[in-house]
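Colleague: Here it is: the structure, laid out below.
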Amino acid sequence: MSAMLDQLRTDGFAAVAAVDESLLSELRSEADWLVRRFADEGYRSDDYWFFNAAGAGEPVLYRVHNLENQGSTPITRLYAEGPLHTLAKEILGTRGHATACAMIVKMPGLAARVPWHRDRTSVTAHTMFNLSLFLDDSVLENGCLEFVPGSHLLPDDADVAQTCERGPVQPVPAAAGDVLAHDVRVVHGSRTNTSTAYRRSIVIEFAPVGLVLTGRDG
Ligand code: NI
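Mapping of the sequence shown onto the numbering used here: residues 1119 to 1336, in sequence order.
Laid out in structure tokens, this is it:
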């Protein structure tokens, strides 16, 4: 754990195995249902983000926002308590709470790249973190997360495109059940999914209790 915390401070990201098989399988079932609801049952809401891909025929789901409000127990519970909260407390070094939750869906063969960005720059480094719990193995071919190590320490107004050009850029594969934690300030993105495998993750943002947030800026 301390090696993980060291890497998180230095690089701005680190991975750790965090969830057992039974919880993972419950979460995967819920995720299957959420995707089916959109793809097979035609369910639509402002929380289901999709795009129309050329030649795809059907809308391509890429994000379910406000995931904790979608009425599915294992995910609601994950947002409220449990292993990610335990991990977040260690990372934050203080009592924290979950401030946002989404599922990222990278559809096989269809998912677009996520452009390089920083989630927030309105907080200092080492303050707020996103924890991505992978429901599927995440590899380069299905668009694993990629980071510019140390970029969480750059000034608020650092040029994201230049930062990536300068590099280095580090893809970070993860196994299903792993959590990849990243500082909200670190520069990151992901590629298209060129494989036949899904890449789904549940992302929960954590902040120390008492921190006043001024909205999402990236
Ligand atoms: Ni992000």
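The C-beta atom is built at its ideal place from N, Cα and C for all residues, glycine as well.
(1) Between the alpha carbons of Leu1123 and Thr1310, how many angstroms are there, rounded?
(2) What ranges does the alpha helix (DSSP H) occupy inside the region 1270-1310, keeping only unbroken runs of at least 4 residues that lie completely in it?
(3) Could you check whether Ile1320 and Leu1263 sit closer than 9 Å to each other, using their CB atoms as the reference points?
(4) Is it the case that the CB of His1306 approaches a heavy atom of the ligand NI more closely than 8 Å?
(5) Under the three-state reduction of DSSP, which class applies to Glu1144: helix, strand or coil?
(6) Could you give the DSSP three-state label for Gly1130: helix, strand or coil?
(7) Give a yes or no on whether the C-beta atoms belonging to Ala1171 and Ala1230 are separated by under 9 Å.
(8) Roughly how far, in whole angstroms, is the beta-carbon of His1215 from the beta-carbon of Val1297, given that I think they are within contact range, below 8 Å?
(9) Is Glu1259 helix, strand or coil by DSSP?
(10) Does the Cβ of His1235 lie closer than 8 Å to at least one heavy atom of the ligand NI?
(11) What is the C-beta distance between Gly1261 and Arg1317, in whole angstroms, given that I count them as a contact (C-beta under 8 Å)?
(12) Whether or not the region 1230-1239 and the region 1193-1204 are in contact is what I'm after, with contact meaning three or more pairs of Cβ atoms, one per stretch, closer than 8 Å; do they touch?
(13) Could you tell me the distance, in whole angstroms, from the CA atom of Ala1294 to the CA atom of Arg1284?
(14) Excluding the five sequence neighbours on either side, which residues of its own chain have a C-beta within less than 7 Å of the C-beta of Pro1289, listed in chain order?
(15) Please tell me whether Ile1209 and Leu1126 are closer than 9 Å, where the distance is taken between their beta carbons.
(16) Shorter than 8 Å, the distance from the beta carbon of His1183 to the closest heavy atom of the ligand NAD, or not?
(17) Drop a sphere of 10 angstroms on the beta-carbon of Gln1188, count the other beta-carbons inside from all chains shown, and report buried for 16 or more, exposed for fewer.
(18) Quick one: grab the DSSP three-state call for Pro1326.
(19) In whole angstroms, what is the alpha-carbon distance linking Leu1145 and Cys1282?
(20) In angstroms with no decimal places, state the Cα-to-Cα distance between Ala1220 and Phe1156.
(21) In angstroms, rounded to a whole number, what distance separates the CA positions of Gly1336 and Val1304?
Modeller: Taking the structure as given:
(1) For the purposes of this step, residue 1123 is identified with residue 5 of the sequence shown, where counting begins at 1. For the purposes of this step, residue 1310 is identified with residue 192 of the sequence shown, where counting begins at 1. About 29 Å.
(2) As far as the region 1270-1310 is concerned, its whole alpha helix (DSSP H) runs of at least 4 residues are 1278-1284.
(3) Counting from 1 along the sequence shown, the entry for residue 1263 is found at position 145. Counting from 1 along the sequence shown, the entry for residue 1320 is found at position 202. With respect to Ile1320, Leu1263 sits apart: the two C-beta atoms are not nearer than 9 Å.
(4) Sequence index remark: in the sequence shown, residue 1306 carries index 188 (1-based). Yes, the ligand NI has a heavy atom inside 8 Å of this Cβ.
(5) Here residue 1144 refers to the residue found at position 26 when the sequence shown is read from its first residue. It is helical.
(6) As a first step, residue 1130 is located in the sequence shown; it is residue number 12 there, counting from the start. In the displayed model, Gly1130 falls within coil according to three-state DSSP, outside both helix and strand.
(7) Numbered from 1 along the sequence shown, position 53 holds the residue referred to as residue 1171. Numbered from 1 along the sequence shown, position 112 holds the residue referred to as residue 1230. In contact: Ala1171 and Ala1230 (Cβ atoms closer than 9 Å).
(8) Here residue 1215 is taken as the residue at index 97 of the sequence shown, counted from 1. Here residue 1297 is taken as the residue at index 179 of the sequence shown, counted from 1. Going by Cβ atoms, the distance from His1215 to Val1297 rounds to 17 Å, so no, they are not a contact pair.
(9) For the purposes of this step, residue 1259 is taken as the residue at position 141 of the sequence shown. Assigned with DSSP and collapsed to three states, Glu1259 falls in helix.
(10) Taking the first residue of the sequence shown as position 1, residue 1235 is located at position 117. Yes, since a heavy atom of the ligand NI falls inside the 8 Å radius drawn around the Cβ of His1235.
(11) On the sequence shown, position 143 is the one that residue 1261 refers to. On the sequence shown, position 199 is the one that residue 1317 refers to. Sure, about 6 Å apart at Cβ, within 8 Å.
(12) In short, these stretches do not touch, since the Cβ pair count stays below three.
(13) Against the sequence shown, residue 1294 aligns to sequence position 176. Against the sequence shown, residue 1284 aligns to sequence position 166. Rounded to whole angstroms, Ala1294 to Arg1284 spans 31 Å at the Cα level.
(14) By one-based count along the sequence shown, residue 1289 stands at place 171. Apart from the 5 residues on each side of it in sequence, Pro1289 sits with its Cβ closer than 7 Å to the Cβ of Leu1258, Cys1262 and Glu1264 in its chain, given in chain order.
(15) For the purposes of this step, residue 1209 is taken as residue 91 along the sequence shown, with counting starting at 1. For the purposes of this step, residue 1126 is taken as residue 8 along the sequence shown, with counting starting at 1. The criterion of a C-beta distance shorter than 9 Å is satisfied by Ile1209 and Leu1126.
(16) Annotation note on the ligand NAD: not contained in the displayed structure, which lists the ligand NI as its ligands.
(17) On the sequence shown, residue 1188 is found 70 positions in, with the first residue counted as 1. That one is buried.
(18) Counted from its first residue, the sequence shown places residue 1326 at position 208. Note: Pro1326 maps to strand in three-state DSSP.
(19) The sequence position of residue 1145 within the sequence shown is 27, counting from 1. The sequence position of residue 1282 within the sequence shown is 164, counting from 1. Rounded to whole angstroms, Leu1145 to Cys1282 spans 33 Å at the Cα level.
(20) In the sequence shown, the residue the question calls residue 1220 occupies position 102. In the sequence shown, the residue the question calls residue 1156 occupies position 38. Rounded to the nearest angstrom, the two C-alpha atoms are 15 Å apart.
(21) As a first step, residue 1336 is located in the sequence shown; it is residue number 218 there, counting from the start. As a first step, residue 1304 is located in the sequence shown; it is residue number 186 there, counting from the start. The predicted model places Gly1336 with a pLDDT of 45, which falls under 50 and marks its position as unreliable; any figure quoted below should be read in that light. About 11 Å.
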